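Inspection log for the structure reproduced underneath, given as structure tokens.
Number of protein chains: 2
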Amino acid sequence: MNGPLRIGIAGLGTVGAGVVKLLAQHRNLLGLRGGRALDLVAASARSRAKKRDIDLAGVRWEKDPLALAKAADIDVVVELIGGSDGIAKRLAETALRSGKHLVTANKALLAMHGTELAELAEQRGLILSFEAAVAGGIPIIKALREGLVGNRVRRLYGILNGTCNYILTTMRETGRDFGAVLAEAQAAGYAEADPSFDVDGIDAAHKLAVLTGAAFGAKVNFPGVHVEGIRRVTSMDIGFAEELGLRIKLLGLARETRYGIEQRVHPCMVSLDAPIAHIEGVFNAVVVEGDFVGNTMFQGRGAGQGPTASAVVADLVDVARGRHMPAFVVPAAKLADKKVSPMDRHQGAYYIRLMVQDRPGVIAAVSGALARERISLESMLQRGRSQSDQVPVVLTTHETEEAAMRRALARIAKLKVVAEEPCVIRIEAF
Amino acid sequence: MNGPLRIGIAGLGTVGAGVVKLLAQHRNLLGLRGGRALDLVAASARSRAKKRDIDLAGVRWEKDPLALAKAADIDVVVELIGGSDGIAKRLAETALRSGKHLVTANKALLAMHGTELAELAEQRGLILSFEAAVAGGIPIIKALREGLVGNRVRRLYGILNGTCNYILTTMRETGRDFGAVLAEAQAAGYAEADPSFDVDGIDAAHKLAVLTGAAFGAKVNFPGVHVEGIRRVTSMDIGFAEELGLRIKLLGLARETRYGIEQRVHPCMVSLDAPIAHIEGVFNAVVVEGDFVGNTMFQGRGAGQGPTASAVVADLVDVARGRHMPAFVVPAAKLADKKVSPMDRHQGAYYIRLMVQDRPGVIAAVSGALARERISLESMLQRGRSQSDQVPVVLTTHETEEAAMRRALARIAKLKVVAEEPCVIRIEAF
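Those sequence lines, one after another, are chains A and B.
Heads up, the first sequence stops at 430 in my numbering, and the numbers go up one at a time, no gaps.
Heads up, the second sequence stops at 1430 in my numbering, and the numbers go up one at a time, no gaps.
Structure representation (structure tokens):
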């Protein structure tokens, strides 16, 4: 293992360029820390001509990324192309089939095909690592696979999408609405032109599915994630949350229930006493509750060139050192095929905001609908008279089953005094 | 590597008992995650008769812990005896000399002899791991040696002693003084009968010295840590800090300056905007500022049976998997012998609280002494007339050099209007 680790990199966007920069800038440091040189041997990207502020002198250019997977002079392929299928998937499979270790930042690929890739790597004694796929530079995959390996994870949750967290933070700070803040985030480069991947919760769900696999030693199950995005969060609800000592965050959460594994991504109200309530802007954080370690929280920048490159290079040093670990904490052949705990069975508290006609008997009708499902109220906020004939009423409930809540909401929505569809946000207790 | 990992454990106090429990309770889980069984083969402790709620059936008892180091049927020695010298040191050295991997939770030992132990391990191709020595269950050593390995660390700081943080949190919440809160913490088991190791900052300094080694690839230099404890923190200063939007924490901090490595443990005032200000009670947290990753923070329980056992067992799984890593991020032979950056050269802002006689000209005299050293004031709080003839005056300064501050303070202390020694606390900007 004294020869250099020979690296082939596919994809030279923000992250790829960052990896090239880091490998160059810290060449000596990494040689010392990795036990041998980390040599970038070849690279491939869609356009060779594109202007990038990196130096690729001495690095072979491969027009076809698959050539990296097959090259005899490459030990590890770094896949930074992205996308759950197509060329990224072909590259990953070809690399492993050709006996190359694989480092990837591709959460979509792992969310859809993580289990099969783990099997492929394991059959050949290869390393599959993906620290950069979740929460940027935060070494959370390493924490789950190694640092907290002695624990049965009770629950895991996190702020996994910096774009959503930035939007929610800015909405709260400025009082502006989702649309305006999204437009601003797009202009500032914090949100994509097509924002649906982020704001509809899909990106966070990809990451959650990967985390769940590593935390519970279970097959990656992206279709098993219940996903809701942040488009329907209003600044009115953010304001009410603050009045209640709560803050709205898009969280990804996973835990084992008696029905199976529950994986959810949706806006949550969390107490201001919870450390995660204070993770603002583009920062990410992940909380792991282990049976021995108790609660641990890891926070840092969830995206960006530097943090993501830091994670990719950490994986490369592991490969350089020959440090093996099953991709998802237990051998791929032993990954548990756990049932999906249905959302109907979800137990939790709820925030409900209604727009109602300002007349007597409204509260009685609404609370009657909840009482019929044996849902008990924790608090109620009612705004005084308004100029219009619609006023908001805010209710929070004690813990109840989601199915009961849905039945109650269906009844409430049908009440004549209720002017629009109720806004419902789950309250998480930590 | 398919045979079991054969473990010998020395020390069966709180941590040792926790490790025994974890190994038993998660035997199957660990076998799967570690790639082979983790077998506790032998144990040693001062008293065999002592009542412990652990099952040692089938575990060989060794009266002499050194026998663990020499036994042919042991692969790894877990040293949980404690103390920087004496039997713990002899055990560690004997284990490594006898070709056993070493896992230890002993920060004092590492702070005093970490570099030599790392050399000893390396010469023999053995693993030396010590996740449990710093910040309990938080996998911060792994983060520095592996997860953030691609970064040059710019600065590192943390709340490293849960006892001190508990005392400071309780002083703030109750308004009571150090002595009363310490007595209560002792009664509750959060502080030792002889508290000096904790409250005088020595324990935090041991941990900081170990972290510094792993973060900067430098020889562990405990004597190079500037140490002040929390005995002189008063509830009055905690109150003034809150008025200024600051909170008092005992921090350990390390960074490279142009003079060398600065390592300090002392009470700090930190802005309430800094996440670390909100780490309360017995929790620990470590912030790592890397040149690529930016700021990352790791928090969790810094002590206790479960968290510490979690860390020890994570190290054991690394050993079971044969995952090698230099003890302090770079090979022991390459550890840098860095100069100690002298405290006189420390640059920072300061909080100064004086008890002065309530008469005209006092502020002029005090601010004159500061001006003479070209120290500029950021803010001043002056309490109105008091019943007694002494009133507190609080000053905060802009950044200045410590040497200048010390000269100014010597002059201020000599002023006739100043009634007692000034209380000075460094303000940290994050």
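Ideal placement from N, C-alpha and C gives every residue a C-beta, glycine not left out.
Since we're looking at a predicted model, the values are computed, not measured.
Members of the region 1286-1298 of chain B near chain A, C-beta cut-off 8 Å:
G1290, D1291, F1292, V1293, G1294, N1295, T1296, M1297, F1298
Taking the CB atoms as reference points, tell me whether A404/A and E378/A lie closer together than 8 Å.
no
Secondary structure, beta strand (DSSP E): runs of 3+ residues fully inside the region 62-111 of chain A:
76-79, 101-104
Between which residues of its own chain and A6/A is the CB-CB distance below 8 Å, once the five residues before and five after are set aside?
The question names Ala, but residue 6/A in the sequence shown is Arg. So the qualifying residues of the chain are D39, V41, D73, I74, D75, V76.
Could you tell me the boundaries of the alpha helix (DSSP H) in which D315/A lies?
305-320
Counting only Cβ pairs nearer than 9 Å, list the residues of chain A close to H1324/B.
G35, R321, G322, R323
Thinking just about the alpha-carbon of each residue, which of V15/A, V393/A, P267/A, D318/A is nearest to the one in L354/A?
V393/A
Beta-carbon neighbours of A1017/B, restricted to chain A and to distances below 9 Å
Those do not exist, as A1017/B stays about 12 Å from chain A at its closest Cβ, beyond 9 Å.
Are there three or more Cβ pairs, one per stretch, closer than 8 Å when the region 1174-1191 of chain B is compared with the region 1205-1217 of chain B?
no
For A1336/B, the three-state DSSP class (helix, strand or coil):
strand
According to DSSP, is I167/A helix, strand or coil?
helix
Figure out for me which residue from L30/A, E428/A, H26/A has the closest Cα to the Cα of G436/A.
No answer is possible for residue 436/A: it lies beyond the span of chain A, which begins at 1 and ends at 430.
Please state whether the Cβ-Cβ distance between Y1166/B and A1185/B is less than 8 Å.
yes
How many Å lie between C1164/B and K1021/B at the Cα?
28 Å
Would you mind stating whether L117/A and G16/A have Cβ atoms separated by less than 8 Å?
no
Interface flag, R152/A vs chain B, CB-CB below 8 Å
yes
Is G1147/B near the ligand PLP, judged by its Cβ being under 7 Å from some heavy atom?
Absence of the ligand PLP is noted for the structure shown, with no ligands found whatsoever.
For a test of the three-state rule: what should DSSP assign to A1451/B, helix, strand or coil?
Coverage of chain B is limited to positions 1001 through 1430, which leaves residue 1451/B absent and any answer about it impossible.
Flag this pair as yes or no: are the beta carbons of D1358/B and V1391/B separated by less than 8 Å?
yes
In DSSP terms, what H1266/B is bridged to:
L1251/B
To the nearest angstrom, report how far apart E122/A and G99/A are at their CA atoms.
11 Å
With respect to the beta strand (DSSP E) encompassing M1343/B, which residues constitute its N-terminal and C-terminal limits?
Element bounds for M1343/B: n/a, residue is neither H nor E.
In this structure, does DSSP put A1057/B in helix, strand or coil?
coil
Determine the direct distance from the alpha carbon of D1237/B to that of G1175/B, and round the result to whole angstroms.
11 Å
Hey, does D337/A have any beta-carbon neighbour from chain B nearer than 8 Å?
no
Along the region 34-58 of chain A, where does the CB come closer than 7 Å to a CB of chain B? Name the residues.
none
Take I1012/B as the anchor and find which of G1086/B, D1055/B, A1037/B, G1035/B has the nearest alpha-carbon.
With the sequence shown as reference, residue 1012/B is identified as Leu, and Ile is not the correct amino acid for it. The residue with the shortest Cα to Cα distance from L1012/B is D1055/B.
Three-state secondary structure assigned by DSSP to I412/A:
helix
Quick check on R1231/B: does DSSP put it in helix, strand or coil?
coil
Under 8 Å, Cβ to Cβ, is there at least one residue of chain A near P1139/B?
yes
For S1310/B, return the contacting residues in chain A, with the cut-off set at a CB-CB distance below 8 Å.
L148, G150, N151, G290, F292, V293
Tell me the residue span of the beta strand (DSSP E) that contains D39/A.
38-44
Check whether L261/A and A209/A have beta carbons under 8 Å apart
Rather than Leu, the amino acid found at residue 261/A in this sequence is Ile. Cβ distance not < 8 Å, so I261/A and A209/A don't count as in contact.
With 16 as the cutoff for other CB atoms within 10 Å, does E420/A come out buried or exposed?
exposed
K334/A CB to nearest chain B CB: under 8 Å?
yes
Taking C-beta to C-beta, are I375/A and A327/A nearer than 8 Å?
no
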